[in-house]
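Number of protein chains: 2
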Amino acid sequence: MTTPPPGLRERKKRATRVALREAALRLAVERGPDQVRVEDIAEAAGVSPRTYNNYFASREQAIVSAVTADREARIAAAVAARPADVRLADAVTDAVVEQYAHAGEHDPRALLLIITRTALREAFLDATAGIEPPLAAVLAERLGDTGAPTARVLAASAAAAVRIALEGWLRPAGSAEAAGSLGAAGFVVPAGSLAERLRAALSPLAPAFDAAERLSRTA
Amino acid sequence: MTTPPPGLRERKKRATRVALREAALRLAVERGPDQVRVEDIAEAAGVSPRTYNNYFASREQAIVSAVTADREARIAAAVAARPADVRLADAVTDAVVEQYAHAGEHDPRALLLIITRTALREAFLDATAGIEPPLAAVLAERLGDTGAPTARVLAASAAAAVRIALEGWLRPAGSAEAAGSLGAAGFVVPAGSLAERLRAALSPLAPAFDAAERLSRTA
DNA sequence: CAGGAAAAATGCGCGCACGCAAGTTTGCGT
DNA sequence: ACGCAAACTTGCGTGCGCGCATTTTTCCTG
């Protein structure tokens, strides 16, 4: 369940992936996303362009993944960490809010960039779908997997809710420009409390979580 | 609410879109999806390749859309058509089941093709996301839109559930081959009752629909 | 510690998606 | 009926995603 010994192969793979995503983000921030060719990213990471494509299916994906990182896994872990007697709906909601709270805290320019460019926004939103599999796994465990698709459906629904919350959150930012390397301003971000939006989007699902939980207890 | 007068421009556009998607499907069935270049589709539809790309963002999308057609709108319409006093969850479930019941009834070969080829399956599944917007619209109406994202979340959740049901339904079909123009067999399809899977996937969401409905009644 | 299997990196080639800047068609006001 | 503006089509050019075959690296087992 932990980390046996990672093995060298695995470590190198991770290193390459990290190198690629960081190079992608750095270059995108420095010179603007449209001025970064795949070749540049690959070179900066010290691999061939072809190899780059073995790790990421698109430039947007690479850039965004530097911000998204392994948020999916962190959410799942956070849910699993909650004591077993708290309402499942609350566990999920809190875990999600917690993980998105310090979104892009490390580099405001990255967030600004993603918000501004349409293609990146798109990729960023699509990335939320990634929480489904790990979340489904923990939910299946908590609900005592019956073979029914309940866990997956709830996980996917939560993911969809998160996506909707994010969409609404960054809707205000629609203009162009501001791509120079010196955006510098963190106070330009949409604001409007991401946390509130997340809770609002997830709350309609609470009854479904409650019902599933009830079923699993009586079973 | 109906059709004012469609206008000539609009009619031509629709005609082109239909021509493209039907050409795409026909060619794909005839000679196998990998033997169809964009150029062929465009030519068969009597437009330039560039124009083809103004209508569809990928070959898969074009092919699949011939089967998907306007299922999204039909589902939304079906929901809207149910009397206002039936449980919302039931209305949605029945509407979905009803629309997917005669899936690819017209051309079994098309279904067979989509099931077989991975890229097409992917595109087919992605297409389910398309039900969200129209469904969200009807739900918003039924629930008396409060500005809260409830309707959208429920619609997206339902779409996700449908996707999961479909995934499970066509999992059994994983092999390759059988791409010749004479598949001819309709009894090869996965079977295992799509309807049951759809209901099973949607049922965990019922409590959420009930709760939303209750809220809207008391408000 | 050798040797061979499995996995990953790489090079090459093809078709494709899409931005851009014309050219062409449709719609509408006068 | 005319002509202008907006919508749509088209050709061209660029970088990209990915399948395939080959080479290089990692891993395991005797």
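Chains as they are written, first to last, in numbering that gives the first Met the number 0: chain A, 0 to 218; chain B, 0 to 218.
The beta-carbon is built from N, C-alpha and C at its ideal position, and this holds for glycine as well.
Taking C-alpha positions only, A76(B) is separated from L26(B) by approximately 31 Å. Below the 7 Å Cβ cutoff, chain B contributes no neighbours of I74(A), its closest Cβ being approximately 17 Å away. Contact note: D209(A) reaches chain B through P206, using a C-beta cutoff of 8 Å and chain order. A79(A) and A72(A) have their C-alpha atoms some 11 Å from each other. Its Cα nearest to that of D84(A), the residue R141(A) stands out among E38(A), H105(A), D39(A), R141(A).
By the CB criterion at 8 Å, A88(A) and R81(A) fall outside the cutoff. Within the region 142-174 of chain A, those residues whose Cβ lies closer than 8 Å to any Cβ of chain B are, in chain order, A147, P148, T149, R151, V152, L153, A155, S156, A158, A159, A160, R162, I163, A164, G167.
Per DSSP, reduced to three states, the secondary structure at A83(B) is coil, with no helix or strand assignment.
Looking from the CA of E38(B), the closest CA among A126(B), I113(B), P48(B), A205(B) belongs to P48(B). The Cβ-Cβ distance between V66(A) and A109(A) falls below 8 Å.
Membership of P148(B) in any alpha helix (DSSP H) is not indicated, and neither H nor E is assigned to it by DSSP. Residue environment: A100(B) is assigned as exposed (fewer than 16 neighbouring CB atoms within 10 Å of its CB, all protein chains considered).
Sixteen is the threshold: since fewer than 16 other Cβ atoms of the shown chains lie within 10 Å of the Cβ of S57(B), the residue is exposed.
Using a Cβ-Cβ cut-off of 7 Å, A200(A) is close to P148, V152 of chain B, given in chain order. At a cut-off of 8 Å between beta carbons, P203(A) contacts chain B.
In this chain, the alpha helix (DSSP H) harbouring T67(A) covers 58-67.
With the rule of 3 Cβ pairs closer than 8 Å, the region 200-218 of chain A counts as touching the region 139-159 of chain A. A direct Cα-to-Cα measurement between L169(B) and A160(B) gives close to 14 Å. Ranked by Cα distance from T50(B), the first of Q34(B), L165(B), R162(B), A18(B) is A18(B). In the DSSP annotation of this structure, the continuous segment of the alpha helix (DSSP H) that includes R213(B) starts and ends at 205-217.
In the three-state DSSP reduction, P5(B) falls in the coil class, being neither helix nor strand. No Cβ-Cβ contact shorter than 8 Å links A154(B) with L165(B). DSSP, read as helix, strand or coil, puts D93(B) in helix. The residues A154, A155, A158, in chain order, have a CB closer than 6 Å to that of E131(B) in the same chain once the five nearest residues on each side in sequence are set aside.
Judged by their CB atoms, A94(B) and A207(A) are not nearer to each other than the 8 Å cut-off.
Within 10 angstroms of the beta-carbon of T145(B) lie fewer than 16 other beta-carbons, which makes it exposed. Taking all protein chains in view, the Cβ of Q98(B) is crowded by 16 or more other Cβ atoms within 10 Å, so the residue is classified as buried. In this structure V28(B) touches L112(B) by the C-beta definition: roughly 6 Å separates them, less than 8 Å.
One Cα belongs to P203(A), the other to S202(B), and the distance between them is close to 15 Å. If you keep only unbroken alpha helix (DSSP H) runs of at least 4 residues inside the region 13-45 of chain A, you get 37-44. The alpha helix (DSSP H) runs lying completely inside the region 101-168 of chain A and spanning 4 residues or more are 107-115, 117-126, 131-141, 149-168, given in chain order. Short of 7 Å from the beta carbon of A61(B), and not among the five residues preceding or following it, lie these beta carbons of its own chain, in chain order: L19, R20, A23, I40, F55.
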